[in-house]
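Enquirer:
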Amino acid sequence: MNIFRLTGDLAHLLAIIILLLKIWKTRSCAGISGKSQILFAIVYTTRYLDLVTTYVSAYNTLMKIFFLGSSFATVYLIYVKFKATYDHNHDTFRIEFLILPAVILALLINHAFTPLEILWTFSIYLESVAILPQLFMVSKTGEAESITSHYLFALGSYRGLYILNWIYRYAMESHYDLIAIVAGIVQTVLYCDFFYLYITKVLKGKKLQLPA
Amino acid sequence: NTKTVVKDEL
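From first to last, the protein sequence lines stand for chains Z and B. Heads up: the first sequence runs through residues 1 to 212, numbered per the working numbering. Heads up: the second sequence runs through residues 1 to 10, numbered per the working numbering.
(1) Report the three-state DSSP secondary structure of Leu210 (chain Z) (helix, strand or coil).
(2) How about Met63 (chain Z): is its C-beta nearer than 8 Å to some C-beta of chain B?
(3) For Arg159 (chain Z) and chain B, any beta-carbon pair shorter than 8 Å?
(4) Could you tell me which chain B residues have their CB closer than 8 Å to the CB of Asn60 (chain Z), listed as they occur along the chain?
(5) Could you give the residue range of the alpha helix (DSSP H) that holds Lys7 (chain B)?
(6) Look up Glu173 (chain Z) in the DSSP assignment and give the residues it is bridged to.
(7) Identify the residues that DSSP records as bridge partners of Ala144 (chain Z): which are they?
(8) Report the three-state DSSP secondary structure of Thr7 (chain Z) (helix, strand or coil).
(9) Can you look up Asn217 (chain Z) in the DSSP assignment and give me helix, strand or coil?
(10) In chain order, what residues of the stretch 129-144 of chain Z put their CB closer than 9 Å to some CB of chain B?
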């Protein structure tokens, strides 16, 4: 565990907490893409199957359980509890266009052709693009609430910090995982446009509004 | 196939 990995995990944790609190406090999931949240639930489910096969550390186990639990809780809040506030007219990204390529790529490019390994690889590929329905929704409505922007910034920072962690680990431990690294870079690049808007607008107290 | 690595990250 190094400082980049730890802050990355904390940014990820923060993002999830911000999102859950926003929905819970406002009793509304307006502006949140339920489809992105479904994709994240699929990502954690397929990645953390090793919870029952491999023990790494108490930290690792607790975080995995939290990510799994919170992702299902978020999906429940959006599609069941606060269904009436869900903005489905603007959440029109076709997730099969992300899931199918991730499945095919996981079958073609993986570390080992075993069920657990392929599911892990699939989760890595899917995570890298899972935010697209949310970004699509923001671009479609042309704006995002500040709290949604904070959520996106924390979530984008997480994989960015993981890249620093991978550089550090490669230098210090000669440890690297090409699949995670390439997918992590793709994932971070997808946020670049948003990062720019966040820094130039949201941090200056303005609402995140896209030019018409 | 690239080498299998320990999955100690989240």
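No residue lacks a Cβ here, since even glycine has one placed at the ideal position from N, Cα and C.
Expert: Quick answer:
(1) Start at 1 with the first residue of the first sequence, and residue 210 (chain Z) comes out as number 210. Coil.
(2) For the purposes of this step, residue 63 (chain Z) is taken as residue 63 along the first sequence, with counting starting at 1. Yes, Met63 (chain Z) lies at the interface with chain B (some Cβ there is under 8 Å from its Cβ).
(3) As a first step, residue 159 (chain Z) is located in the first sequence; it is residue number 159 there, counting from the start. It does not; no Cβ of chain B falls within 8 Å.
(4) The count along the first sequence starts at 1 and reaches residue 60 (chain Z) at position 60. Result: Asp8 and Leu10.
(5) Your numbering for residue 7 (chain B) matches position 7 in the second sequence. Unbroken run through Lys7 (chain B): none, as it is neither H nor E.
(6) Taking the first sequence and counting its residues from 1, the one referred to as residue 173 (chain Z) is at position 173. None; Glu173 (chain Z) has no bridge partner.
(7) Residue numbering aside, residue 144 (chain Z) sits at position 144 when the first sequence is read from its first letter. In the DSSP output, where bridge partners are listed per residue, Ala144 (chain Z) has Z:Leu208.
(8) Numbered from 1 along the first sequence, position 7 holds the residue referred to as residue 7 (chain Z). Residue state, collapsed to three classes: helix.
(9) Any property of residue 217 (chain Z) remains undetermined from this structure, which presents chain Z solely from 1 to 212.
(10) none
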